[in-house]
Amino acid sequence: MQDNRQHSGSRIPNGMWILLVIIIIISSAYSIPRALRAYRGSELQQTVQDYRSARSVTRNSQAIYYQAVLYFLAPEENGTLILSGSPAKADHSHGVDGLIQQLLAGPTLEELTEGKISLIPPETMLIGSSISSKAVYLEFSKELQSVSRFGPEGTEFACRQIAATAQSLSFINECIILVDGKEIYYDNGSF
Numbered sequence: 085m086q087d088n089r090q091h092s093g094s095r096i097p098n099g100m101w102i103l104l105v106i107i108i109i110i111s112s113a114y115s116i117p118r119a120l121r122a123y124r125g126s127e128l129q130q131t132v133q134d135y136r137s138a139r140s141v142t143r144n145s146q147a148i149y150y151q152a153v154l155y156f157l158a159p160e161e162n163g164t165l166i167l168s169g170s171p172a173k174a175d176h177s178h179g180v181d182g183l184i185q186q187l188l189a190g191p192t193l194e195e196l197t198e199g200k201i202s203l204i205p206p207e208t209m210l211i212g213s214s215i216s217s218k219a220v221y222l223e224f225s226k227e228l229q230s231v232s233r234f235g236p237e238g239t240e241f242a243c244r245q246i247a248a249t250a251q252s253l254s255f256i257n258e259c260i261i262l263v264d265g266k267e268i269y270y271d272n273g274s275f
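Per this note's numbering: the sequence shown = residues 85 to 275.
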């Protein structure tokens, strides 16, 4: 059996609903353009645009940098070479790659006048890098092992420069240097 009783007190007639929807549409059609005109005519629009512009400039100018050290070599009086650091900044967006690129560029004129040199052959290129569990894997072109330039000891000093520079970043403890996919140098931070 169906219940044919109607709840006349709790039901709004369909005509009233339609009238309510029409009133909402008309008031919206009238008030929204008025609000937009008022917004455009006020200084609020310019204030919002100025805020957005300032915020994007601030965001772009606040690049995150890591404090790091570029390690070059300096000759001692007895003829031995020691690692000698120069402060550097590593851009967060370029990470360890950017720092190593700075090292590959060699010492600046000021660093050269301080007696700092690099035994990394100038044609050496960083192929790629990855970081896993505080260990960085750095793959270089075969020029890093250029025996004709400085011999095997030169390659070891070049690798020491690279490892010390990478480990100057607080989140790197170990450095593994690869050439042609083969490990040629490992440093666990005890240089």
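Glycine included, each C-beta is placed from N, C-alpha and C at the ideal position.
Which first and last residues belong to the beta strand (DSSP E) in which residue i is found?
i, result
"Ile261", "Glu258 to Val263"
"Glu223", "Ala219 to Phe224"
"Pro159", "Tyr149 to Pro159"
"Ser33", "Residue 33 is absent from the structure shown; the chain starts at 85 and stops at 275."
According to the neighbour-count rule (16 or more other Cβ atoms, all chains shown, within 10 Å of its Cβ), is residue i buried or exposed?
i, result
"Lys266", "exposed"
"Lys200", "buried"
"Met85", "Reliability of the predicted coordinates at Met85 is poor, the pLDDT of 49 falling under 50, and no value is obtained from them."
"Tyr114", "exposed"
"Pro236", "exposed"
"Ser217", "exposed"
"Tyr270", "exposed"
"Gln288", "There is no way to answer for residue 288, as the model of the chain reaches only from 85 to 275."
"Leu261", "The amino acid at residue 261 is misidentified as Leu; the sequence shows Ile. Per the 10 Å Cβ criterion, buried."
"Ile256", "buried"
"Leu103", "exposed"
"Met100", "exposed"
Does residue i come out as helix, strand or coil in the three-state DSSP assignment?
i, result
"Lys200", "coil"
"Gly276", "As shown, the chain starts at 85 and ends at 275. That puts residue 276 outside it, with no answer to give."
"Ser252", "coil"
"Glu267", "strand"
"Pro171", "strand"
"Ile166", "strand"
"Ala189", "coil"
"Pro205", "coil"
"Ser137", "helix"
"Ile109", "helix"
"Gly235", "helix"
"Asn272", "coil"
"Arg118", "helix"
"Arg95", "coil"
Since residue i and residue j are thought to touch, with beta carbons under 8 Å apart, how far apart are those beta carbons, to the nearest angstrom?
i, j, result
"Ala248", "Leu167", "5 Å"
"Thr208", "Phe224", "6 Å"
"Leu253", "Ala172", "No, Leu253 and Ala172 are not in contact; Cβ-Cβ is about 10 Å, not under 8 Å."
"Pro205", "Glu227", "5 Å"
"Leu188", "Leu210", "7 Å"
"Ile215", "Cys243", "About 18 Å; that fails the 8 Å criterion."
Give a yes or no on whether the C-beta atoms belonging to residue i and residue j are separated by under 7 Å.
i, j, result
"Val153", "Gly169", "yes"
"Leu203", "Gly238", "yes"
"Ala219", "Glu258", "yes"
"Leu46", "Ser213", "Outside the displayed range of the chain (85 to 275) lies residue 46, so it cannot be described from this structure."
"Gln245", "Tyr155", "yes"
"Ile148", "His176", "yes"
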